[in-house]
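Residue 101 in the working numbering sits at position 78 of the sequence shown, and the numbers go up by one each step.
Ideal Cβ placement from N, Cα and C applies to all residues, glycine included.
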Amino acid sequence: MLDAAAGLFCEHGWTATTVQDVARAAEVGVQTVYFTFGTKRALLTEVLDTAIAGDADPVATLDRPWARAVVDAPGAREQLARQAAGARAVLERAAPVLDVVRGAAAADAEMAQVWRTNQRQRHTVQLRFAEALVRKADGPLRDGHDAASAADVALALLGPETYGLLVTTQGWTPARWEHWAADTLTRQLLP
Numbered sequence: 024m025l026d027a028a029a030g031l032f033c034e035h036g037w038t039a040t041t042v043q044d045v046a047r048a049a050e051v052g053v054q055t056v057y058f059t060f061g062t063k064r065a066l067l068t069e070v071l072d073t074a075i076a077g078d079a080d081p082v083a084t085l086d087r088p089w090a091r092a093v094v095d096a097p098g099a100r101e102q103l104a105r106q107a108a109g110a111r112a113v114l115e116r117a118a119p120v121l122d123v124v125r126g127a128a129a130a131d132a133e134m135a136q137v138w139r140t141n142q143r144q145r146h147t148v149q150l151r152f153a154e155a156l157v158r159k160a161d162g163p164l165r166d167g168h169d170a171a172s173a174a175d176v177a178l179a180l181l182g183p184e185t186y187g188l189l190v191t192t193q194g195w196t197p198a199r200w201e202h203w204a205a206d207t208l209t210r211q212l213l214p
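This is the structure we're talking about:
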């Protein structure tokens, strides 16, 4: 059901996709979808969570191996490269779904809350990474950045909006975006 819903939401959008469409595509009854997820909003939220994580395991982002590898990187430059690689892996799966959620947020108050929660969660992850970066940097970060403002920079550079603009709209490869993101983070944050 999640795969069917993800495909339909990404192809047709929030408004045009119905629970009936998802049930038909998943070859299950409509009541099965409602019984499993409760609402269309809950279904899209589950699609989003699964896309971000890459699986249905209830493991927080910061407890996932790729995020631990970012924090545990031995040096600041390597950490930023790992951050960009981790963001690429997540965004390759999740950027289209995040775009659906962002679009749904404009018309639906509950989806707007899902979008705001996702933004806060992404900032929390970037703040944890930035705190690790501050500890590894040889001296202060560039231009007086502290962990909070470094997290803001990473949130903007590694966000689905920037990824979508460069990869989806402008046709960059994900590898080119990853290299650019790591380089830009390094230039913006390290002395």
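Check each candidate in the options and name the one with the smallest Cα separation from residue i.
i      : options                        : result
Lys63  : Asp161, Phe32, Asp86, His146   : Phe32
Thr38  : Gly77, Ala204, Met134, Ala48   : Met134
Met24  : Glu115, Leu103, Ala46          : Ala46
Glu18  : Ala65, Val123, Arg100          : Residue 18 lies beyond the residue range present for the chain, which begins at 24 and ends at 214; the question has no answer from this structure.
Ala204 : Thr192, Thr191, Gln193, Thr185 : Thr185
Asn141 : Glu115, Gly30, Thr41, Ala76    : Ala76
Ala198 : Arg210, Glu115, Ala79          : Glu115
Pro119 : Pro88, Asp72, Thr41, Asp206    : Asp72
Is the Cβ-Cβ distance between residue i and residue j less than 7 Å?
i      : j      : result
Val51  : Gln43  : no
Ala110 : Leu181 : yes
Ala282 : Ala83  : Nothing about residue 282 can be read from this structure; the chain reaches only from 24 to 214.
Gly162 : Pro214 : yes
Val70  : Ala107 : no
Pro183 : Leu121 : yes
Arg145 : Leu189 : no
Output the distance between the C-alpha atoms of residue i and residue j, rounded to the nearest integer angstrom.
i      : j      : result
Ala158 : Gly61  : This sequence places Arg at residue 158; Ala is not what is there. The straight-line gap from Cα to Cα measures roughly 44 Å.
Ala129 : Gly36  : 12 Å
Val113 : Ala173 : 20 Å
Ala127 : Ala160 : 40 Å
Ala48  : Phe58  : 17 Å
Arg125 : Ala99  : 32 Å
Ala171 : Thr55  : 44 Å
Trp195 : Glu201 : 10 Å
Arg105 : Asp26  : 28 Å
Asp131 : Asp206 : 37 Å
Arg139 : Thr147 : 12 Å
To the nearest whole angstrom, what separates the beta carbons of residue i and residue j, a pair I think is in contact under 8 Å?
i      : j      : result
Arg165 : Leu208 : At roughly 11 Å, the Cβ-Cβ gap does not stay under 8 Å, so Arg165 and Leu208 are not in contact.
Gln102 : Leu66  : Not really, about 36 Å apart at Cβ, beyond 8 Å.
Thr68  : Val137 : 5 Å
Three or more beta-carbon pairs under 8 Å between the region 151-162 and the region 76-94, yes or no? yes
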